[in-house]
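Participant: So that we are looking at the same thing, I have put the structure below in C-alpha cells.
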Amino acid sequence: MTAPRTLYDKFLDSHTVSRLDDNGNLLLYIDRQVLNEYTSPQAFSGLREASRQVWRPRSALAVVDHVNPTAPERIAAMPDAGGARQVDYLAQNCRDFGIELFDVLDARQGIEHVVAPEQGFILPGMVVAAGDSHTTTYGALGAFGFGIGTSQIEHLLATQTLVYKRLKTLRVSVRGALGPGLVSKDIVMALIREIGADGATGYVIEFAGPAIDALSVEARMTVCNMAVEAGARGAFMAPDEKVFAYLADKPRAPRGEHWERALASWRELRSDEGARFDREVALDASALQPMVTWGTSPDQADVIGGRVPDPAAEADPIRRADLQRALRYMGLEPGQSLAGLPISHAFIGSCTNARIEDLRQVAVVVEGRRVADGVRAMIVPGSTRVRAQAEREGLADIFRAAGFEWRQSGCSMCLAMNDDVLATGDRCASSTNRNFEGRQGAGARTHLMSPAMVAAAALAGHLIDVRTLSREA
Amino acid sequence: MQPFVRVSGVAAPFLAANVDTDVIMPKQFLKGIDRNGLDRGLFFDLRWNPDGSPNPEFVLNRPGWQDACFLVVGPNFGCGSSREHAVWGLKQVGIRALIGTSFAGIFDDNCQRNGLLTIALDPASHRQLAERVQQAETARIEVDLQAQRIRLADGAELAFEIDGLRKQALLEGLDAIGSTLRQAERIRAFEEKYLAERPWLA
Ligand code: SF4
C-alpha cells in the first residue's frame, strides 16, 4: 500500500526526471512555458551567447502583452523605443528558435494568463513555468503553474527542466456559499488579509470545498491568480467536470481518442483520501463581504464597510512604521471609512479580472447608468478574443454608453509599463492584483477590488458597496 | 556566476516588511533587452529625489552605509513580480547578500541564480543583527558561507541554515544550465516515456 498522496505529490511524481539529493531537490520536467517580451530577452541572449538550442520549441508560446498600447484603435507601433526593441527582439527570437508568437496584431493576442487557457494550451496535470509570477493562474485548470525569473527561463528553454525544491502544502477549504454581489475575488482577498502577504511563502495552496466547487472555471482562475499575493508558489484545485467542459471546445485541446484518454487520466488528478497537508486554513464564504484594499500591500485590505486602521494601535514598531508609511502614501487618515472615498480613476482589466465573465458582471452593474463626472474609467479586456466576444454580446455598447473607454487588450494599467500610467495623487479603483507603491504610476494610489465593485465606484465617483448602488443611484 | 565563499563588509538596515520588486526596480527600468544600467534604477523612488539628487534619508545614501555590500531586510523581501531586474540591480550596486527572516520564492531563486546569497535567520538572531547594523560603527560584518556563520564586529557569531545544493552552487559559482545538460540523456529518456504515456501531449 502506498501512502495517500496530495495532488501536489502527483504533479511532482509524474514530472521528476531525477532526484538531486535527499532533501527534496528534483530535476523537474516542465510541459509548457509562456514567454513575454519583457522577462525573456536576456534569457534568449544567454542561449545565443552559449550557442545553445531550445530543447522543445513547441512547448513554448510567446505573446506580446506588457508594453503594447491599448488605445481603442489597434496600432502595431510601440509608444517608446524600449518597448519597440523588446517586441522586435521577441519576434526575432521566436523566428530564430522556432517558437510560436502571438504579436500585437494577432487576433489571439492578449494577457498571457488569459490567452494560454483560452487557447487550450494549458491542460490538467501539466506542470507549467513561466517568467511571470501570475503563472499560478493555471491551477484553475488542474495544472501546476508557477513563476520563474529570467535565468530560469533560460534554463527551461535549454533543458525543458528546472532544478526544483519541494515546497510545503497548504489546503484552503472554503465552505458555505457566496452571497449576492460577492465573487471569487472576495474569497482570495479575504484569504490574503487573513494569512498575510507572506502567509503562504514556502507553500503551494490546494483550494477545496463547496464554495470552490461552485465557482466557474474563470472565477477559479481569479483565485489561483491572486494566491501568489499571499506568497504561494503555486495554487490549484482538482480539475472537475466544469474544467473538462471548459476545455472541450478550445482550439488546442485534444480531440477524439486522445480526448478520451486524456480525460481518463485527468480524473485521477485529486488528492487521495487521507492525504496529509502541512497546514490547513478554513474560510466561510457565506460570512464574506465585498473586499477593498486601503494600503500598499494586498493584505492591507478590509470589507467595504470597514475603516482605515490606526497605526497607533500597532505595538510592533516595524509594523507601525510600515502602516504609517502606507497611510501617508495612500493619503488616508486613521479611522476614515472606506466607503465614500472619492476616486479619480477606475480600471477594469488584468489577468485577475478581465475575462468574459468579469465583463458580463460589469455590464450588469453599469447598464443604463453613467460614469460619475471627474472619473476616468477604462475597460481593457484580457485578450483580443475576449474583446471580440464582448462586442458580439453587446457588452461593449453598454460600456461605451455608460462613459467607459473600451480599449484593446494588454496588461495596461495593471503595471503601467505602456502608456497607460496614472499621475501622482491619482486614486484608482482597480480590478487588478497589486496595490504596491508606484505600481500604476509613481505616486498613484490603487485600491483593489472585484470588477463589479470597480464598476460601482466608477458610477458613484467614490468607493461604494456594489450591493447598495441601486438604492443610491 | 560569481562564487560566494566568505565576504566581509558593511551591512545596511532596510527593515520594512513585504518590500516588493516594484519598489526594488520600478517598471521604467524594465525596458531593456540586456542587463545594463539597473544600478540607477535600484530603489529608485526611495534613493533619489525628484530632481535626481540622492535622498539623504535613504540608508544607502547615508554616511557609513554608502558602501554596504549586505542588506539586512524585513520579512517577505522581494515579493510580487518575478522581474529578475531587481536582483541584477542589487548586484550592480555591489550587494552580495541579503539577510532577513523570509524571502519571496521567485525572488529567492533569482538571487541564487545570480550568486546573491539570501540568508533567512531565526527571529532572535535577526533582531540581534538588525540592532547592531543600525549604528554605522557596528555595521561591519563577515558572512562565511562555508561555515554558515555571520560574524559581528564584536566577534559574536550567528549561525544560519542553507540548503546543501544551493550552498554548493554558490561556493563553486556553478553554471546551472551546464550541469543540468550533463543529464541530457536522462531528460531525453524521461521525455520519450512521458509523452508516449500521454499521446495527447506529444
Ligand atoms: S495583467 Fe498585470 S499581473 Fe497580469 S501579467 Fe499583466 S502585468 Fe502581470
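If you read the sequences in order, they're chains Z and R. Counting the first sequence from 1 gives a position; this note's numbering is that position plus 27. Mapping the second sequence onto this note's numbering, position 14 (from 1) lands on 9, and the numbers just tick up by one. Glycine included, every Cβ here is placed at the ideal spot set by N, Cα and C. These numbers come from a predicted model, not from an experiment.
#1: With a 10 Å radius around its C-beta and 16 neighbouring C-beta atoms as the bar for buried, classify Z:E499 as buried or exposed.
#2: In or out: Z:A134 buried (at least 16 other Cβ within 10 Å) or exposed?
#3: Are three or more beta carbon pairs between the segment 148 to 159 of chain Z and the segment 54 to 71 of chain Z nearer than 8 Å?
#4: With a threshold of 8 Å between beta-carbons, can R:L169 be considered close to chain Z, or not?
#5: Taking any Cβ of chain Z, which residues in the segment 145 to 175 of chain R have a Cβ under 7 Å from it, in chain order?
#6: Considering Cα atoms alone, identify which of Z:L128, Z:D49, Z:A185 and Z:F129 is closest to Z:R75.
#7: Using the rule of at least 16 other Cβ atoms within 10 Å of the residue's Cβ for burial, across every protein chain shown, is R:I172 buried or exposed?
#8: For the 8 Å Cβ check, are there 3 or more pairs between the segment 108 to 127 of chain R and the segment 138 to 149 of chain R?
#9: How do the segment 371 to 387 of chain Z and the segment 451 to 459 of chain Z stand: do at least 3 beta-carbon pairs fall below 8 Å, yes or no?
#10: Using the C-alpha atoms, what's the distance from Z:I149 back to Z:I102?
#11: Does the distance between the C-beta of Z:D159 and the nearest non-hydrogen atom of the ligand SF4 fall short of 7 Å?
#12: Z:S313 lies in the alpha helix (DSSP H); which residues open and close that run?
#13: Does the beta-carbon distance from Z:A328 to Z:I175 come in below 8 Å?
#14: Counting only the same chain and skipping the five closest in sequence on each side, list residues whose C-beta sits under 6 Å from that of R:E4.
#15: R:D117 and R:G75 look like a contact to me (Cβ under 8 Å); what is the Cβ gap, rounded to whole Å?
#16: Tell me whether Z:I232 sits in a helix, a strand or coil according to DSSP, three-state version.
#17: With which residues is Z:V141 paired in a DSSP beta bridge?
#18: Verify the contact flag: Z:H372, CB atom, against every heavy atom of the ligand SF4, threshold strictly below 7 Å.
#19: With distances taken Cα to Cα, identify the nearest neighbour of R:G32 among R:R122, R:W43 and R:Q87.
#20: According to DSSP, is Z:S78 part of a helix, a strand, or is it coil?
#21: In the DSSP assignment, what residue or residues form a beta bridge with R:D15?
#22: Between Z:Q179, Z:L189, Z:Y356 and Z:F171, which has its C-alpha nearest Z:T451's C-alpha?
#23: What did DSSP end up calling R:I172 once you bin it into helix, strand or coil?
#24: Have a look at Z:D115, Z:D447, Z:F463 and Z:F431 and flag the residue whose alpha-carbon is nearest the alpha-carbon of Z:L354.
#25: Between the C-alpha atoms of Z:G73 and Z:V81, what's the straight-line distance to the nearest angstrom?
#26: If Z:T97 sits next to Z:V407, beta carbons under 8 Å apart, how far is it from one beta carbon to the other, in whole angstroms?
#27: To the nearest angstrom, report how far apart Z:V323 and Z:G236 are at their CA atoms.
#28: Do Z:D446 and Z:P317 have their CB atoms nearer than 8 Å?
#29: With a threshold of 7 Å, establish whether the CB of Z:S377 neighbours any heavy atom of the ligand SF4.
#30: Could you round the C-beta distance between Z:L88 and Z:L296 to whole angstroms and report it? I think they count as a contact, below 8 Å.
#31: Out of Z:A404, Z:L442, Z:M444 and Z:L386, state which residue places its alpha-carbon closest to the alpha-carbon of Z:L422.
#32: Can you confirm whether R:R122, when its beta carbon is compared against all beta carbons of chain Z, has any partner nearer than 8 Å?
#33: Which of the three DSSP states, helix, strand or coil, is assigned to Z:E300?
#34: Please indicate yes or no: does the CB of Z:E139 lie closer than 7 Å to some heavy atom of the ligand SF4?
#35: Name the chain R residues that come within less than 7 Å of Z:L442, Cβ to Cβ?
#36: Pop quiz: Z:L197 and Z:R306 are said to be a contact at Cβ under 8 Å. What is the actual Cβ separation, rounded to whole angstroms?
Facilitator: Quick answer:
#1: Your numbering for residue 499 of chain Z matches position 472 in the first sequence. At Z:E499 the pLDDT is 49, less than 50, meaning the model places this residue with poor confidence and gives no usable figure here.
#2: The count along the first sequence starts at 1 and reaches residue 134 of chain Z at position 107. Label assigned to Z:A134: exposed.
#3: yes
#4: In the second sequence, residue 169 of chain R corresponds to position 174, counting from 1. Not closer than 8 Å to any Cβ of chain Z, the Cβ of R:L169 fails to qualify, so no.
#5: Against chain Z - using a Cβ distance shorter than 7 Å - the residues of the segment 145 to 175 of chain R are D158, G159, L160, A171, I172 and T175.
#6: Walking along the first sequence from the start, residue 75 of chain Z turns up at place 48. Ranking Z:L128, Z:D49, Z:A185 and Z:F129 by Cα distance to Z:R75 puts Z:A185 first.
#7: Residue numbering aside, residue 172 of chain R sits at position 177 when the second sequence is read from its first letter. Its Cβ being crowded by 16 or more others within 10 Å, R:I172 is buried.
#8: Yes: the two stretches touch, three or more of their Cβ pairs being nearer than 8 Å.
#9: yes
#10: Numbered from its first residue, the first sequence carries residue 102 of chain Z at position 75. Numbered from its first residue, the first sequence carries residue 149 of chain Z at position 122. Straight-line Cα distance between these residues: approximately 29 Å.
#11: Working through the first sequence from its first residue, we reach residue 159 of chain Z at position 132. Yes, Cβ of Z:D159 sits closer than 7 Å to a heavy atom of the ligand SF4.
#12: To locate residue 313 of chain Z, count along the first sequence from 1; it is residue 286. Run containing Z:S313: none; DSSP gives neither H nor E here.
#13: Mapped onto the first sequence, residue 328 of chain Z falls at position 301. Mapped onto the first sequence, residue 175 of chain Z falls at position 148. No, the pair does not count as a contact, with Cβ atoms beyond the cut-off.
#14: The count along the second sequence starts at 1 and reaches residue 4 of chain R at position 9. One point to set straight first is that residue 4 of chain R is Gly, not Glu, in the sequence displayed. Correct list, in chain order: C64.
#15: By one-based count along the second sequence, residue 117 of chain R stands at place 122. By one-based count along the second sequence, residue 75 of chain R stands at place 80. No, R:D117 and R:G75 are not in contact; Cβ-Cβ is about 25 Å, not under 8 Å.
#16: Along the first sequence, one-based indexing puts residue 232 of chain Z at 205. Looking at Z:I232 - three-state DSSP - the assignment turns out to be strand.
#17: Mapped onto the first sequence, residue 141 of chain Z falls at position 114. Looking at the DSSP assignment, Z:V141 forms no beta bridge with any residue, so it has no partner.
#18: Position 345 of the first sequence holds residue 372 of chain Z. For the ligand SF4, not one heavy atom lies less than 7 Å from the Cβ of Z:H372.
#19: Looking up residue 32 of chain R in the second sequence gives position 37. Closest option to R:G32, judged by alpha-carbon separation, among R:R122, R:W43 and R:Q87: R:Q87.
#20: Within the first sequence, the letter at position 51 stands for residue 78 of chain Z. It is coil, neither helix nor strand.
#21: Residue mapping note: residue 15 of chain R aligns to position 20 of the second sequence, counting from 1. R:D15 is bridged to R:C74.
#22: Within the first sequence, the letter at position 424 stands for residue 451 of chain Z. Of Z:Q179, Z:L189, Z:Y356 and Z:F171, the smallest CA-CA separation from Z:T451 is found for Z:Y356.
#23: On the second sequence, position 177 is the one that residue 172 of chain R refers to. The answer is helix: DSSP assigns R:I172 an H, G or I state.
#24: For this step, residue 354 of chain Z is matched to residue 327 along the first sequence. Among Z:D115, Z:D447, Z:F463 and Z:F431, the Cα nearest to that of Z:L354 is on Z:F463.
#25: For the purposes of this step, residue 73 of chain Z is taken as the residue at position 46 of the first sequence. For the purposes of this step, residue 81 of chain Z is taken as the residue at position 54 of the first sequence. For Z:G73 and Z:V81, the distance between alpha carbons rounds to 11 Å.
#26: As a working note, residue 97 of chain Z is residue 70 in the first sequence. As a working note, residue 407 of chain Z is residue 380 in the first sequence. Going by Cβ atoms, the distance from Z:T97 to Z:V407 rounds to 5 Å, so yes, they are a contact pair.
#27: Sequence index remark: in the first sequence, residue 323 of chain Z carries index 296 (1-based). Sequence index remark: in the first sequence, residue 236 of chain Z carries index 209 (1-based). Residue identity check: residue 323 of chain Z is Thr in the sequence provided, not Val. Going by the C-alpha atoms only, they are around 30 Å apart.
#28: Numbered from 1 along the first sequence, position 419 holds the residue referred to as residue 446 of chain Z. Numbered from 1 along the first sequence, position 290 holds the residue referred to as residue 317 of chain Z. Taking 8 Å as the Cβ cut-off, Z:D446 and Z:P317 do not qualify as a contacting pair.
#29: For the purposes of this step, residue 377 of chain Z is taken as the residue at position 350 of the first sequence. Within the cutoff, so yes.
#30: As a first step, residue 88 of chain Z is located in the first sequence; it is residue number 61 there, counting from the start. As a first step, residue 296 of chain Z is located in the first sequence; it is residue number 269 there, counting from the start. The pair is not a contact, with the Cβ atoms about 22 Å apart (cut-off 8 Å).
#31: To locate residue 422 of chain Z, count along the first sequence from 1; it is residue 395. Nearest of Z:A404, Z:L442, Z:M444 and Z:L386 to Z:L422, Cα basis: Z:L386.
#32: What you label residue 122 of chain R is simply residue 127 of the second sequence in a count that begins at 1. Not one chain Z Cβ lies under 8 Å of R:R122.
#33: On the first sequence, position 273 is the one that residue 300 of chain Z refers to. Residue state, collapsed to three classes: coil.
#34: Residue mapping note: residue 139 of chain Z aligns to position 112 of the first sequence, counting from 1. Indeed, a heavy atom of the ligand SF4 lies less than 7 Å from the Cβ.
#35: Position 415 of the first sequence, counted from the start, is the residue given in the question as residue 442 of chain Z. Per Cβ cutoff of 7 Å: K22.
#36: If you number the first sequence from 1, residue 197 of chain Z lands on position 170. If you number the first sequence from 1, residue 306 of chain Z lands on position 279. The pair is a contact, with the Cβ atoms about 5 Å apart (cut-off 8 Å).
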